[in-house]
Amino acid sequence: MQSVAASSRSEAHSHVESRPANGSTADKSSSRWPSLDVSPSEWDILFFSTCLKFILFPAYRSTDFEVHRNWLAITHSLPLSEWYYDAQTTSEWTLDYPPFFAYFEKILSIPASFIDSRIVDLNNLNYSAWTVIAYQRTTVILTELVLGAVLLRLVRGAVDPPIQRIISASIFLHPGFLIIDHIHFQYNGFLFGLLLASILMARDGHKLASGFFFAVLLNFKHIYMYLAPAFFVYLLRAFCMSAQGQILPTRFISLANTVILVFVTSLGPFLVMGQLPQLLSRLFPFTRGLNHAYWAPNAWALFTAADRVLLQYVTRFGGHFNINASGVVSTSRGLVGDTVFAVLPNIKPMHTFMATAAFQSLFLIKLWRKPTYKSFLTALTLCGYTSFMFGWHVHEKAILLVLVPLSLLAAENHPYFRTFVIASVAGVFSLFPLLFTPAARFRASCGNRLLYFVGHSDFCSLASAHIRIPSFNAGLHHQYPGDGVSGWIPHFARLCIAFPSSFKKSFGIK
10 MQSVAASSRS EAHSHVESRP ANGSTADKSS SRWPSLDVSP SEWDILFFST CLKFILFPAY
70 RSTDFEVHRN WLAITHSLPL SEWYYDAQTT SEWTLDYPPF FAYFEKILSI PASFIDSRIV
130 DLNNLNYSAW TVIAYQRTTV ILTELVLGAV LLRLVRGAVD PPIQRIISAS IFLHPGFLII
190 DHIHFQYNGF LFGLLLASIL MARDGHKLAS GFFFAVLLNF KHIYMYLAPA FFVYLLRAFC
250 MSAQGQILPT RFISLANTVI LVFVTSLGPF LVMGQLPQLL SRLFPFTRGL NHAYWAPNAW
310 ALFTAADRVL LQYVTRFGGH FNINASGVVS TSRGLVGDTV FAVLPNIKPM HTFMATAAFQ
370 SLFLIKLWRK PTYKSFLTAL TLCGYTSFMF GWHVHEKAIL LVLVPLSLLA AENHPYFRTF
430 VIASVAGVFS LFPLLFTPAA RFRASCGNRL LYFVGHSDFC SLASAHIRIP SFNAGLHHQY
490 PGDGVSGWIP HFARLCIAFP SSFKKSFGIK
């Protein structure tokens, strides 16, 4: 048995770039797509995670909860021609997502109107009855099943199913989804299910389907444009061109028509009504400022902090600096206007675009030269990372664009795994300011502990037994004494769960 397992791991390591040919495992997994081929441990994960999410129903809700309730009211009460205008709505939370998400809200508004008609009342602002709380929280849980289905499919068609099962479980139980979707309130699980469906199609060699799913995703939420350069380069080079670099017209036209069809379906009605400029102004409101209200931990947060330090220095000790008076008041109110600096030069959207494009070009060139699945996944992760670091008005929640693709690379080798651990700890910790109330922090802490318990009991022995690289476990024993991966999980869990009191004042949390 040990020799068979070793042979299997060796084969998986040597063929990570190649996918099964037609008629092999990929095709068999395709036939399983509509069936309920779910193991007992996978049912356990679904059951415990769902119970935890139900427990979080009374948790703190951000303004995003009212935002989505108002979108239910807009799409249910107003005609399509008025969705992206303010004439008939008294709420400040106007619709600013692409049309597919608006259609999605329209579908959700239909059962909501039967459950409680006040949910879809445009004038019923800040509605917080138990009916709307239970309904909207339930829609997040149900739509997140898209993520679960795709993660199961990733396991079924994987070269190394035990490793992929661990990765899939870590994504489905990700603390980021717990905090952002089930406490703060958004639909990221559903949207990342579409992203992973696109990645899955690329892994299995169905590149046209990969382009289709990503185009659909862009029309649900345009923040995924951060990842578009990697998809563009990979699909153009690996699907539309031969190995010798010649354009394949049939494939290029089929991909172009697929993407155009998706965008026409989404934007077509608004284009016919002459509302495309109004729609685009909602999707790209550059007047919101460089920084979000809560600074994302990126380069511009450091730049802004440096401006505040220089301002204090000039105020106390003087110096040959020109101080911008409008920048003295605040440089962090990204929700109400442009970010203005007191000492350092102001940053414009074009500057952030140029910085992001410059850093992305470094690894996109490598992807062009070597358009393999692993290179694509690496470029996808780095596209998310550079956009997070240098993008305009980046939300702290955008760290998931880095952590989710990086999870798929975590088991490739020790450096990837080490990067994954550090990024996960820092990324999840940066989401803690979203937990405003002590009750929310307590529930999140309990949730993380429950996920740790499930993950430790079900997956640690698998990870220790099936890790791909011989030196991997040795490295883990050196850094985290214990039984392979199970040795570091308690340390990682403590880092994610603990919220040191010394940091509370830093984040302004009482």
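If you read the sequence shown in this note's numbering, its first letter stands for residue 10, the second for the next number, and so on.
In this text, a Cβ means the ideal position worked out from N, Cα and C, and glycines have one as well.
Computed from a prediction, not measured in an experiment: that's the story for all the values here.
{"Query": "Measure from the alpha carbon of L204 to the alpha carbon of each residue in T59, L386, P88, S275, then state which is nearest.", "Result": "L386"}
{"Query": "Once DSSP output is grouped into helix, strand and coil, what is the label at I356?", "Result": "coil"}
{"Query": "State the Cα-Cα distance for the pair D169 and W304, rounded to the nearest angstrom.", "Result": "39 Å"}
{"Query": "Would you give the residue range spanned by the alpha helix (DSSP H) that Q173 belongs to?", "Result": "170-181"}
{"Query": "Tell me, which residues are paired with I150 by DSSP?", "Result": "DSSP, once it has assigned bridges, lists no residue as partnering I150."}
{"Query": "Is L161 closer than 9 Å to E91 when the C-beta atoms are compared?", "Result": "no"}
{"Query": "Mind checking who M363 pairs with in its DSSP beta bridge?", "Result": "According to DSSP, M363 bridges with nothing at all."}
{"Query": "If we ignore side chains and look at the alpha-carbon of each, how far apart do F186 and G298 end up?", "Result": "26 Å"}
{"Query": "Spatial neighbours of N197 within its chain, please: C-beta separation below 7 Å, excluding the five flanking residues on both sides.", "Result": "F186, I189, D190, L409"}
{"Query": "Would you be able to state if there are at least three C-beta pairs under 8 Å between the segment 141-161 and the segment 64-71?", "Result": "yes"}
{"Query": "Identify every residue that forms a DSSP beta bridge with V403.", "Result": "N300"}
{"Query": "Residues in its own chain within less than 8 Å of V268 by CB, not counting five upstream and five downstream?", "Result": "G220, F221, A224"}
{"Query": "So for I332, helix, strand or coil by DSSP?", "Result": "coil"}
{"Query": "Can you name the start and end residues of the alpha helix (DSSP H) that R127 belongs to?", "Result": "From DSSP, R127 is part of no alpha helix (DSSP H); its letter is neither H nor E."}
{"Query": "Give the straight-line distance between the Cα atoms of D266 and Y394, rounded to the nearest whole angstrom.", "Result": "Residue identity check: residue 266 is Asn in the sequence provided, not Asp. The straight-line gap from Cα to Cα measures roughly 30 Å."}
{"Query": "What's the C-alpha gap between F441 and L134?", "Result": "27 Å"}
{"Query": "Determine contact between the segment 397-417 and the segment 274-284, defined as no fewer than three beta-carbon pairs at a distance below 8 Å.", "Result": "no"}
{"Query": "Around the Cβ of V281, are there at least 16 other Cβ atoms within 10 angstroms (buried) or fewer (exposed)?", "Result": "exposed"}
{"Query": "Could you please give the first and the last residue of the uninterrupted alpha helix (DSSP H) stretch that includes D73?", "Result": "72-86"}
{"Query": "So is D53 buried or exposed if we call it buried at 16+ other beta carbons inside 10 Å?", "Result": "exposed"}
{"Query": "Apply the 10 Å Cβ neighbour rule to G283 and answer buried if 16 or more other Cβ atoms are within range, or exposed otherwise.", "Result": "exposed"}
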